[in-house]
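In the working numbering, the protein residues as written are 15 to 106.
Note that beta-carbon positions come from the ideal geometry of N, C-alpha and C, so glycine has one too.
Model, not experiment: these values are computed from the prediction.
Written out below as structure tokens is the structure these notes cover.
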């Protein structure tokens with residue numbers, strides 16, 4: 015990933031951190047959607063994703079447990095992407 019011309023290292027770092035947390039959320043969603051058995055990787059991703067999802071789990075109720083995970087962690091992924099970009103713009 016190439017940095018934009020004129021971007022500081024702090025901006026790139028903040029944007030990258032937001033992106034990495036969002037990737038973690040998406041990995042958790044994919045593991046749930048595909049029904050990955052309880053492996054070390056799936057458990058580790060799930061344990062890391064739950065506290066990073068902040069207040070999003072349970073914010074919107076859905077009838078399906080799989081759809082609930084998709085909405086909860088999808089909103090959290092979008093939040094971390096936006097937060098990383100905003101912080102990069104303001105502080106970088």
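Rounded Cβ spacing between residue i and residue j (contact assumed at less than 8 Å)
| i | j | result |
| --- | --- | --- |
| residue 40 | residue 91 | 6 Å |
Alpha-carbon to alpha-carbon, residue j and residue i
| i | j | result |
| --- | --- | --- |
| residue 45 | residue 27 | 27 Å |
| residue 106 | residue 99 | 10 Å |
| residue 88 | residue 77 | 16 Å |
| residue 29 | residue 103 | 9 Å |
| residue 72 | residue 66 | 14 Å |
| residue 51 | residue 97 | 32 Å |
| residue 101 | residue 68 | 18 Å |
Coarse secondary structure for residue i, derived from DSSP in three states
| i | result |
| --- | --- |
| residue 80 | helix |
| residue 48 | coil |
| residue 43 | helix |
| residue 17 | Only weak support exists for where residue 17 lies, its pLDDT of 49 falling under 50; the value from the coordinates is given anyway. Residue 17: coil per DSSP, three-state reduction. |
| residue 68 | coil |
| residue 22 | coil |
| residue 73 | coil |
| residue 106 | coil |
CB of residue i within 8 Å of CB of residue j, strictly
| i | j | result |
| --- | --- | --- |
| residue 84 | residue 62 | no |
| residue 42 | residue 23 | no |
| residue 36 | residue 95 | yes |
| residue 47 | residue 80 | yes |
| residue 86 | residue 70 | yes |
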